[in-house]
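Novice:
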Amino acid sequence: MTKTKEEKRDAIIAACCIGAFYVLILILEAVVPATHILFSILKKSAVYSLAAVSMNLLNGFTGLFSLGQAGFMLLGAYTYAILNMPTELKLGTSVYKYYECAIHFDMGFLPSLLLAGVIAAVFAALIGIPVLRLKSDYLAIATLGFAEIIRAVFQWEALGPVTNGANILSGFTDLNHIYIPFTKIAIPPTFFVMLLSGICIAIVLLLINSSFGRAFKAIRDDEIAAEAMGINLFKHKEMSFIISSFFAGISGALLAMYQFTVKAATFKTAMTYEILLIVVIGGIGSISGSCIGSFLFIACNEWWLRFLDESSNNIAGLNIFRSGFRKVVFSLIIMVIVLFFRKGLMGDKELTAKNVRQFIAGKKSEKKAKGGEKA
Amino acid sequence: MSEALLRLENVTMQFGGVVAVDSLSLEVETGKIVALIGPNGAGKTTAFNCITGVYQPTNGLISFDDKLVVSGHPTGKMKRDYKGSNSEKYLDKEIIDPTPDEITRLGIARTFQNIRLWKSMSVFDNVLTAKHMRNRQNVFTATFRLDRAEEKRMRQETMELLEEQNLAQYKDDLAVSLPYGLQRRLEIARALATDPKLLLLDEPAAGMNPQETLELGEFIVEIQKKHNLTIFMIEHHMDLVMRFCDKIYVIDFGKLIAGGTPAEIKNNQRVIDAYLGVAEE
Ligand SMILES: Nc1ncnc2c1ncn2[C@@H]1O[C@H](COP(=O)(O)OP(=O)(O)OP(=O)(O)O)[C@@H](O)[C@H]1O
Ligand SMILES: [Mg+2]
Numbered sequence: 310m311t312k313t314k315e316e317k318r319d320a321i322i323a324a325c326c327i328g329a330f331y332v333l334i335l336i337l338e339a340v341v342p343a344t345h346i347l348f349s350i351l352k353k354s355a356v357y358s359l360a361a362v363s364m365n366l367l368n369g370f371t372g373l374f375s376l377g378q379a380g381f382m383l384l385g386a387y388t389y390a391i392l393n394m395p396t397e398l399k400l401g402t403s404v405y406k407y408y409e410c411a412i413h414f415d416m417g418f419l420p421s422l423l424l425a426g427v428i429a430a431v432f433a434a435l436i437g438i439p440v441l442r443l444k445s446d447y448l449a450i451a452t453l454g455f456a457e458i459i460r461a462v463f464q465w466e467a468l469g470p471v472t473n474g475a476n477i478l479s480g481f482t483d484l485n486h487i488y489i490p491f492t493k494i495a496i497p498p499t500f501f502v503m504l505l506s507g508i509c510i511a512i513v514l515l516l517i518n519s520s521f522g523r524a525f526k527a528i529r530d531d532e533i534a535a536e537a538m539g540i541n542l543f544k545h546k547e548m549s550f551i552i553s554s555f556f557a558g559i560s561g562a563l564l565a566m567y568q569f570t571v572k573a574a575t576f577k578t579a580m581t582y583e584i585l586l587i588v589v590i591g592g593i594g595s596i597s598g599s600c601i602g603s604f605l606f607i608a609c610n611e612w613w614l615r616f617l618d619e620s621s622n623n624i625a626g627l628n629i630f631r632s633g634f635r636k637v638v639f640s641l642i643i644m645v646i647v648l649f650f651r652k653g654l655m656g657d658k659e660l661t662a663k664n665v666r667q668f669i670a671g672k673k674s675e676k677k678a679k680g681g682e683k684a
Numbered sequence: 055m056s057e058a059l060l061r062l063e064n065v066t067m068q069f070g071g072v073v074a075v076d077s078l079s080l081e082v083e084t085g086k087i088v089a090l091i092g093p094n095g096a097g098k099t100t101a102f103n104c105i106t107g108v109y110q111p112t113n114g115l116i117s118f119d120d121k122l123v124v125s126g127h128p129t130g131k132m133k134r135d136y137k138g139s140n141s142e143k144y145l146d147k148e149i150i151d152p153t154p155d156e157i158t159r160l161g162i163a164r165t166f167q168n169i170r171l172w173k174s175m176s177v178f179d180n181v182l183t184a185k186h187m188r189n190r191q192n193v194f195t196a197t198f199r200l201d202r203a204e205e206k207r208m209r210q211e212t213m214e215l216l217e218e219q220n221l222a223q224y225k226d227d228l229a230v231s232l233p234y235g236l237q238r239r240l241e242i243a244r245a246l247a248t249d250p251k252l253l254l255l256d257e258p259a260a261g262m263n264p265q266e267t268l269e270l271g272e273f274i275v276e277i278q279k280k281h282n283l284t285i286f287m288i289e290h291h292m293d294l295v296m297r298f299c300d301k302i303y304v305i306d307f308g309k310l311i312a313g314g315t316p317a318e319i320k321n322n323q324r325v326i327d328a329y330l331g332v333a334e335e
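Line order of the protein sequences matches chains F and X.
Under our numbering, think of the first position of the first sequence as 310, with each following residue one higher.
Under our numbering, think of the first position of the second sequence as 55, with each following residue one higher.
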């Protein structure tokens, strides 16, 4: 079937908006000093967007509740860091202080990044085989357990020659050292991480709108009907789980690039809950919701509400503004959002040209209706 | 070679202590419209669930297209607790326990007594998604749109099915926003999207008035011809069953009590006692 004119026009509008957005980022990076907090927020939200989208693919679109996000991100981050770190650094004593590194090779940034996803996906496949045949509640327990175990295993001394035990890994290619191939021209870091995460999110979006994405949604809506219409539950759940974990692994690697260092202790369950919160705030089953959610979450948490923690802000002598108060306000905001937007900011809708137009038209007709009542 | 497309042999389904289907043997001939009737709780839906792989029968065999597709016999604790007959007969047979999607792939599609449409999806997507089973694309070619011809084929066939059911005008509406009767039609369209040979309908006329029921009957005959189908349906509307079915099986308390042409069934005393008599009261 051919697309209608309107659909074509909407696609062009969407492409232009996305293009304009990336150009804006490029301009900002050229004009505003690189140390501005905006960039750190944008970079981190790009990473978290991908993590949230990959979680949404599983939780929101396939109806499988998994809590292993931090574990898969850890796998991705470590895989990337270990593979990409230059060999001479691995053999030296500055990073592997207490162990002799057992890995005597390194890889370019792209293959390391891809393998970060692949390793996470392989682990997902192995967990999925026993667990996804059971009722879906088991997946949450199994993945939560997996994330905790993997974090402990990576800090285990016996694996020190590979993981550097509980110590920090560093010295791999970070966001500030990405160059256009065959040149010495550095790619602006915020632009770069947003581009990479954007490409991954676009792939997820394409998947969701393909025949397989429809099968995932069928499983989410009604498993019994899906099975009766010939959709193999195990195969499709496993597929969704593997793809979701692949992108979780990539987002872990991007997080490593953003942070310059990797440490197992940062990938706690709290991180999974943060990402889950982003998914819920943005809207379960909405990709654009996850992206908006992660920007708002990170900007609120690390930027907009920071003034609350500064003790110089005393109002009427009350010393309520001390460190930690930010978290109180933050929790209140989240509660308000959850109360007023039961289904998250976006529900299960996407931010598309068509929906925006309908939204504006809806507002107008609402106004008209109200005006009519008055008259 | 017989003409039976579907054959049940001593199928028994026991839940705990309840024997819902008891040694049910019947045949559904190729190209016919066959009805399964019986009072509420007789075990009709359970029989369908055994055929479609939702339940593994406690005992008995089911073959489709002259191939054994389901086979069960009492195992473990059930060996002791089994209340049905023929408990020894199939013990040496290997258990065959297919999943519902494997059954659907063989060419058996169904609708549900309590409608089970995918509620977040449009009318169009409900049918299109059922086409996924026979999709030639793999996840890679589907995601990166490398096989547009296949996608186009699925969409075209979906549109044809919707037109055939007079649902084309609702294609972008949410499936669950349709009136009840149309939802039942959509479920039939969705089942047809899997390209079945045998279509199982569980009370397709439930909640319809006599006029709608009559139309549905004519429509079932029409799709049976058009898609070369064999139809096996559970139905309570006797006028529909008597008028449009070639053969009728009657079950009561899980047991087959009669089977024959509408005329034979109409005059069968056991059926009148067990079922028709009750219905006419
Ligand atoms: N999963 C189950 N577990 C236990 N008992 C069941 C189960 N499914 C069905 N039954 C029992 O089996 C019997 C037959 O139920 P079934 O749904 O097959 O009846 P039916 O003939 O379809 O009736 P109706 O006309 O009301 O749809 C009932 O007594 C029911 O309680
Ligand atoms: Mg029933």
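Quick reminder that beta carbons are idealized off the backbone N, C-alpha and C, glycines included.
What runs of the alpha helix (DSSP H), each 4 residues or longer, lie entirely inside the region 444–501 of chain F?
Specialist: Taking only runs of at least 4 residues, the alpha helix (DSSP H) segments lying wholly in the region 444–501 of chain F are 446–464 and 469–472.
Novice: With a threshold of 7 Å (Cβ to nearest heavy atom), would X/Asn94 be considered close to ligand 1?
Specialist: As a working note, residue 94 of chain X is residue 40 in the second sequence. X/Asn94: yes, Cβ under 7 Å from ligand 1.
Novice: I need the straight-line Cα distance from X/Arg238 to X/Leu310, nearest angstrom please.
Specialist: For the purposes of this step, residue 238 of chain X is taken as residue 184 along the second sequence, with counting starting at 1. For the purposes of this step, residue 310 of chain X is taken as residue 256 along the second sequence, with counting starting at 1. So the two alpha carbons sit approximately 28 Å from each other.
Novice: Quick check: does the Cβ of F/Lys526 come within less than 7 Å of any heavy atom belonging to ligand 2?
Specialist: Residue 526 of chain F sits at position 217 when you count from the first residue of the first sequence. No, the beta carbon of F/Lys526 sits no closer than 7 Å to any heavy atom of ligand 2.
Novice: Residues of the region 518–533 of chain F with a CB closer than 7 Å to any CB of chain X: list them in chain order, please.
Specialist: Residues Ser519, Ser520, Phe521, Arg523, Ala524, Lys526, Ala527, Asp530, Asp531 and Ile533.
Novice: Note down, in chain order, every chain F residue with its Cβ under 8 Å from the Cβ of X/Arg134.
Specialist: Here residue 134 of chain X refers to the residue found at position 80 of the second sequence. Ordered by position in chain F, no residue passes the 8 Å Cβ test against X/Arg134, which lies about 27 Å from the chain.
Novice: Kindly provide the chain-ordered list of residues whose Cβ lies closer than 7 Å to any non-hydrogen atom of ligand 2.
Specialist: Answer in sequence order: X/Lys98, X/Thr99, X/Gln167, X/Asp256, X/Glu257 and X/Ile288.
Novice: In whole angstroms, what separates the C-alpha of F/Gly369 from that of F/Phe555?
Specialist: Position 60 of the first sequence, counting from 1, holds the residue named residue 369 of chain F. Position 246 of the first sequence, counting from 1, holds the residue named residue 555 of chain F. The straight-line gap from Cα to Cα measures roughly 17 Å.
Novice: May I ask you to report which of helix, strand or coil DSSP gives X/Gln68?
Specialist: On the second sequence, position 14 is the one that residue 68 of chain X refers to. Here X/Gln68 sits in strand by DSSP.
Novice: Does any heavy atom of ligand 3 sit closer than 7 Å to the C-beta of X/Phe69?
Specialist: This structure lacks ligand 3; the ligands present are ligand 1 and ligand 2.
Novice: Do the CB positions of F/Gly422 and F/Tyr389 come within less than 8 Å of each other?
Specialist: Taking the first sequence and counting its residues from 1, the one referred to as residue 422 of chain F is at position 113. Taking the first sequence and counting its residues from 1, the one referred to as residue 389 of chain F is at position 80. It is worth fixing the name first, because residue 422 of chain F is Leu in this sequence and not Gly. Yes, the Cβ-Cβ distance between F/Leu422 and F/Tyr389 is below 8 Å.
Novice: Below 8 Å between beta carbons: does that hold for F/Gly298 and F/Gly558?
Specialist: In the structure displayed, chain F extends from 310 to 684; residue 298 of chain F sits before or after that span and is not available.
Novice: Threshold first: 4 residues or longer. Then list the alpha helix (DSSP H) segments lying entirely within the region 219–306 of chain X, N to C.
Specialist: The region 219–306 of chain X contains these whole alpha helix (DSSP H) runs: 234–246, 264–280 and 292–298.
Novice: Taking only beta-carbon atoms, is F/Asn473 less than 8 Å away from chain X?
Specialist: Within the first sequence, the letter at position 164 stands for residue 473 of chain F. Chain X contact via Cβ: absent.
Novice: Check each residue of the region 127–157 of chain X: if its Cβ is closer than 9 Å to any Cβ of chain F, include it; give the result in chain order.
Specialist: Those residues of the region 127–157 of chain X that come within reach of chain F (Cβ to Cβ, closer than 9 Å) are Thr153, Pro154, Asp155, Glu156 and Ile157.
Novice: What number of angstroms, rounded off, separates the C-alpha of X/Gly107 from the C-alpha of X/Lys147?
Specialist: Stepping through the second sequence from its first residue, residue 107 of chain X is reached at position 53. Stepping through the second sequence from its first residue, residue 147 of chain X is reached at position 93. When rounded, the distance between both Cα atoms is 18 Å.
Novice: Across the region 297–312 of chain X and the region 83–101 of chain X, are there enough close Cβ pairs to call them in contact, namely three or more that are closer than 8 Å?
Specialist: Touching, per the Cβ criterion.
Novice: Distance check for F/Thr472 and F/Pro342, CA to CA, integer angstroms please.
Specialist: Against the first sequence, residue 342 of chain F aligns to sequence position 33. Against the first sequence, residue 472 of chain F aligns to sequence position 163. If you take the alpha carbons of F/Pro342 and F/Thr472, they lie about 35 Å apart.
Novice: Is it true that the CB of F/Leu367 sits closer than 8 Å to the CB of F/His375?
Specialist: As a working note, residue 375 of chain F is residue 66 in the first sequence. As a working note, residue 367 of chain F is residue 58 in the first sequence. One detail in the question is off: residue 375 of chain F reads as Ser in this sequence, not His. Yes, they are a contact pair.
Novice: Since F/Ile540 meets chain X, which of its residues come closer than 7 Å, beta carbon to beta carbon?
Specialist: By 1-based counting over the first sequence, the position of residue 540 of chain F is 231. Those within 7 Å of F/Ile540 in chain X are Asp155, His186 and Met187.
Novice: Which of the three DSSP states, helix, strand or coil, is assigned to F/Val560?
Specialist: If you number the first sequence from 1, residue 560 of chain F lands on position 251. In the sequence as presented, Val is not what sits at residue 560 of chain F; that position holds Ser. In this structure, F/Ser560 counts as helix in the three-state DSSP scheme.
Novice: Count the C-beta pairs between the region 467–487 of chain F and the region 559–575 of chain F that are closer than 8 Å, then say yes if the count reaches three, no if not.
Specialist: Cβ pair count under 8 Å is three or more, so yes.
Novice: Tell me, please, whether the CB atom of X/Thr99 is closer than 8 Å to any CB atom in chain F?
Specialist: Along the second sequence, one-based indexing puts residue 99 of chain X at 45. Not an interface residue.
Novice: Determine contact between the region 344–361 of chain F and the region 522–535 of chain F, defined as no fewer than three beta-carbon pairs at a distance below 8 Å.
Specialist: The region 344–361 of chain F vs the region 522–535 of chain F: no contact.
Novice: Using C-beta distances below 6 Å, list every residue in its chain close to F/Ser603, excluding the 5 sequence neighbours before and after it, in chain order.
Specialist: Here residue 603 of chain F is taken as the residue at index 294 of the first sequence, counted from 1. Same-chain partners within the cutoff: Ser354, Tyr357, Ser358, Ala361 and Ile587.
Novice: Which of the three DSSP states is assigned to X/Lys147 in this structure?
Specialist: Indexing the second sequence from 1 puts residue 147 of chain X at position 93. Of the three classes helix, strand and coil, the one that applies to X/Lys147 here is coil, per DSSP.
Novice: When you compare only the Cα positions, how much space is there between X/Leu90 and X/Ser231?
Specialist: For the purposes of this step, residue 90 of chain X is taken as the residue at position 36 of the second sequence. For the purposes of this step, residue 231 of chain X is taken as the residue at position 177 of the second sequence. Answer to the nearest angstrom: the Cα atoms are 30 Å apart.
Novice: In or out: F/Lys314 buried (at least 16 other Cβ within 10 Å) or exposed?
Specialist: Position 5 of the first sequence, counted from the start, is the residue given in the question as residue 314 of chain F. Exposed: under 16 other Cβ atoms inside 10 Å.
Novice: Quick check: is the beta carbon of X/Met55 nearer than 8 Å to any beta carbon in chain F?
Specialist: Locating residue 55 of chain X in the second sequence gives position 1, where the first residue counts as 1. Residue placement at X/Met55 is poorly supported in this model, since its pLDDT is 44, which falls under 50; the coordinates still yield a value, given next. No - not a single Cβ of chain F is within 8 Å of the one on X/Met55.
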